[in-house]
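Working notes, beginning with the structure itself.
There are 2 protein chains.
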Amino acid sequence: MRMSEAGGTAKIGRKRSARRNSNSAPTIADVARAAQCSPMTVSRVINGEQNVRDNTREQVLAAIEKLKYVPNRAARSLAGGAQLRIALLFDNPSASYLSEFLMGALEEASRRDIYLVVQSTETQPDYGELIRRLIDGGIGGFILPPPLCDDQSVLDEIEDAGAIAVAVGPGRASGSHGAVLIDEFQAAFDMTGHIIGLGHERIGFIVGNPEQVASERRLQGYREAMENAGLAIDEALIAQGQFTYRSGMVAAERLLNAKSPPTAIFASNDDMAAATVAMAHRRHLDVPNDITVCGFDDTELASSIWPELTTIRQPIREMTAQAVSMIAKAYKKAGRGKESAGEQLTLPYKLVRRNSDAGPSLASSFNKPESRE
Amino acid sequence: MRMSEAGGTAKIGRKRSARRNSNSAPTIADVARAAQCSPMTVSRVINGEQNVRDNTREQVLAAIEKLKYVPNRAARSLAGGAQLRIALLFDNPSASYLSEFLMGALEEASRRDIYLVVQSTETQPDYGELIRRLIDGGIGGFILPPPLCDDQSVLDEIEDAGAIAVAVGPGRASGSHGAVLIDEFQAAFDMTGHIIGLGHERIGFIVGNPEQVASERRLQGYREAMENAGLAIDEALIAQGQFTYRSGMVAAERLLNAKSPPTAIFASNDDMAAATVAMAHRRHLDVPNDITVCGFDDTELASSIWPELTTIRQPIREMTAQAVSMIAKAYKKAGRGKESAGEQLTLPYKLVRRNSDAGPSLASSFNKPESRE
DNA sequence: CGACTTTGTGGTAGCGCTACCATGATGAGG
DNA sequence: CCTCATCATGGTAGCGCTACCACAAAGTCG
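So the protein sequences, as listed, match chains A and B.
Just remember that this note's numbering sits 138 ahead of the position in the first sequence, which is counted from 1.
Just remember that this note's numbering sits 138 ahead of the position in the second sequence, which is counted from 1.
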């Protein structure tokens, strides 16, 4: 069917063993035949169900291996029931964050054969209206990245309309909706601790967009780590940002202009950290030898610039993928009449050390770090 | 009513009752009923077949509109025939480029219900082996981003093995395989012309990775535009880069150190342009007032930094999506015995003007006091 | 030790759609 | 007029898989 009927190329070893099923990809029936059981049993093995004798299971697995069987997603989701459609609503996140985000969602949606609608709220500022229209259009679930994930009214709107909402990366879990997050507080705490461990004492902090709860949590982590280490917090070393590169430049400038400037700056995300590095360079400060700069999120930007940023790796892709899974599961349950519980999932973060941090230079531990390269 | 026979299975009963969530997407049968025709006719309309009376067609379309019917992809591809699997092979492209790339592919693959395998060659430097293994595993087509798209041996390997290869963004079209590209030469020509139009005469250029044919094409575009404008090309203003941020810094530094430095720098991609901006800032050069910096590709990095880069928008996502489509089409044709021709598709690029360019400052170009917008 | 549950397995019926063939209606040509 | 292509449409049979039920076999218990 898919190859010319003349000499078969080496595409897939065509097997005539089957009846008319001749040469296409092996099906569950082929596996069943090879394993001498029914297709149902094969299906059970594939789906990891319990009620299969170990002996049988092994035979099936061997057959799968031998035939290089791969389940047909299309058939799976067709048989599995109604097709789920999920909307990914985003408002105005940083570009690099968004792309990571989309990748995770797209990948998982593709894997599960879920139709993913990506919607910006920019064109439609009336969230309620937008959400209703989407639900009418058959959307069964919503994924909300920051900052939307912190907007309780949006969450409520969705649940009231009978759809499923999952917040990804909100400041903290709350309410009945699902959420996938990391421990923002602890992560910021750890990073600050790491910087302190390097020997820094005057550590600046750039706060993120105040609309997002995560910003506050990160700030708290910083504060607590400082206090924990017995370090005074100089409020002049805390600058407000917006999570954008531009705001990072402004904030970094302010910090660098302080009477007694910091020897390290911890920015609440990578965009602002990158801006801080740029601003430091502008002043002929070497990163990391004159000043340490750390970020948060580990978006691709962190490793596109130089020096590459030490940052907190937030598993954005995995988080989004999990969000898709959660919606899929909740949706199935809802079909059986069970009320979804609003699961919360906290994923691990990781401090990724790269080249933008170092111990404080002797020169700069004095107050006036006049630098040269 | 649908499924009105007595003793409908419990499944359907459940499904109908589970309708609390505005579930139960309309099917082709629902549309057929509304349009008073058979499902087959609806199918024909959806697939744009010819043999349908206009009258009927309109009725069907109206019904689709009314019911907000959306075809079920899973069912479609199940009924349609064998499932296609495509591998996206990448070697070592810039991170921002890759993510754009993936988005396009993932999106289109998801739309067409194609299974997409993303494979890095890093772990498996023997391409031939890798390709053969993938094909044995049922992969029917390959998408190749730079720099793999310029590697003729990889292309040949794939075609010899009987699979379909599509190069995305190669320097130039060649051979029998499919390709999706933009006119690299013309784009670089245009950008250089744009910079010249701003009044610049000493224009630096940062060349991309010499392994990629596109690098050379861009350089040619620059050269020709310069000559075309009667501007001398100072070889000291052409620096070699590698498409990485780091290499961009080194190249920019060299350019800025020239005895007679440029008033504008055109970097062969956004990563290197961003590095150039950073390097300029380091020297207290204002962008764009002291120096103009332009990039190429319009990856997200171009608009995450400040000032946002004037660059060439290469429709990477669309290009990749087209690549997926091309493979899907070729695959179908191959099934019918026709040999695929190796289509070439050239997509339009666009010069995106943002904030990193301006006319030369008076100080640095004493020759020509030109317009300043 | 028979009436129960609990397992492991097989059978069957579709999921929503399209390929393919069959049909009835039209018109063209003998 | 009747035969034969040529439409426009309908009917039917799956695509590969899973949900659900049936049913033996193997416990479990009073």
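From the three backbone atoms N, C-alpha and C, an ideal C-beta is built for every residue, glycine too.
Between residue 495(B) and residue 458(B) a beta carbon distance of about 28 Å is seen, past the 8 Å cut, so the two are scored as non-contacting. Interface flag for residue 250(B) against chain A is unset, since no Cβ pair is found closer than 7 Å. Interface annotation for the region 435-466 of chain B against chain A: 438, 439, 441, 442, 443 and 444, criterion Cβ-Cβ distance under 8 Å. Cα atoms of residue 276(B) and residue 446(A): separation of roughly 39 Å, rounded to the nearest angstrom. The region 288-307 of chain B and the region 326-333 of chain B do not touch, with fewer than 3 CB-CB distances between them shorter than 8 Å. Measuring C-alpha to C-alpha distances from residue 165(A) to each of 206(A), 237(A) and 394(A) identifies 206(A) as the nearest.
Taking C-beta atoms under 8 Å as the contact rule, residue 455(A) and residue 436(A) fail to qualify, at a distance of about 11 Å. DSSP places residue 430(A) in the uninterrupted beta strand (DSSP E) bounded by 430-432. By the Cβ rule, the region 181-191 of chain B does not count as touching the region 252-263 of chain A, because fewer than three pairs are nearer than 8 Å. Linking residue 432(A) to residue 341(A) through their CA atoms gives a straight-line distance of about 11 Å. Residues of chain B whose Cβ lies closer than 7 Å to the Cβ of residue 216(A) are, in chain order, 212, 213 and 216.
Where residue 360(A) is concerned, the enclosing alpha helix (DSSP H) starts and stops at 351-366. In this chain, the alpha helix (DSSP H) harbouring residue 265(A) covers 265-274. For residue 237(B), the nearest CB of chain A lies under 7 Å from its own CB, placing it at the interface with that chain.
Here residue 284(B) is buried: its Cβ has 16 or more other Cβ atoms, across all protein chains shown, within 10 Å.
Using a C-beta cut-off of 8 Å, the region 316-330 of chain B makes contact with the region 289-304 of chain B, since at least three inter-stretch Cβ pairs fall below that distance.
Of all residues in the region 195-211 of chain A, those with a C-beta nearer than 8 Å to a C-beta of chain B are 206, 208, 210 and 211, reading in chain order.
In this structure, residue 443(A) lies near residue 412(A), with their beta-carbon atoms less than 7 Å apart. When 7 Å is used as the limit between beta carbons, residue 387(B) is near these residues of chain A: 444, in chain order. Listed in chain order, the non-local C-beta contacts of residue 440(A) below 6 Å within the same chain comprise 408, 433, 447 and 449, local neighbours out to five positions each way being set aside.
At a cut-off of 3 residues, the continuous stretches assigned as beta strand (DSSP E) that sit fully inside the region 243-314 of chain A are 253-258, 279-282 and 302-306. Residues of chain A whose Cβ lies closer than 7 Å to the Cβ of residue 225(B) do not exist, since the nearest Cβ in that chain is about 13 Å away. For the region 381-424 of chain A, the continuous beta strand (DSSP E) assignments of 3+ residues that do not extend past its boundaries occur at 402-405, in sequence order. In the structure shown, residue 190(B) falls within a coil segment according to DSSP collapsed to helix, strand and coil. Contact with chain B is found for residue 416(A), since one of that chain's Cβ atoms lies less than 7 Å from the residue's Cβ.
Straight-line spacing of the CA atoms in residue 356(A) and residue 488(A) works out to 15 Å. Not a single CB atom of chain B sits nearer than 7 Å to the CB of residue 272(A). Taking a Cβ-Cβ cut-off of 8 Å, residue 282(A) has no neighbours in chain B, whose nearest Cβ is about 18 Å from it. Beta-bridge pairing by DSSP links residue 227(B) to 257(B).
By the Cβ neighbour-count rule, residue 271(A) is exposed, with fewer than 16 other Cβ atoms within 10 Å of its own.
Non-local beta-carbon contacts of residue 309(B) in its own chain, meaning distances under 7 Å to residues more than five positions away in sequence, involve 288, 322, 350, 351, 352, 354 and 355 in chain order. Within the region 365-380 of chain A, no residue places its CB atom closer than 9 Å to a CB of chain B. Only residues of its own chain outside the window of five on either side were considered, and among them 265, 266 and 269 have a CB closer than 7 Å to the CB of residue 295(B), listed in chain order. Here the alpha carbon of residue 202(B) sits roughly 17 Å from the alpha carbon of residue 213(B). Under the criterion of beta carbons closer than 8 Å, residue 338(A) and residue 498(A) qualify as touching, at roughly 5 Å.
7 Å or more divides the Cβ of residue 241(A) from the Cβ of residue 227(B).
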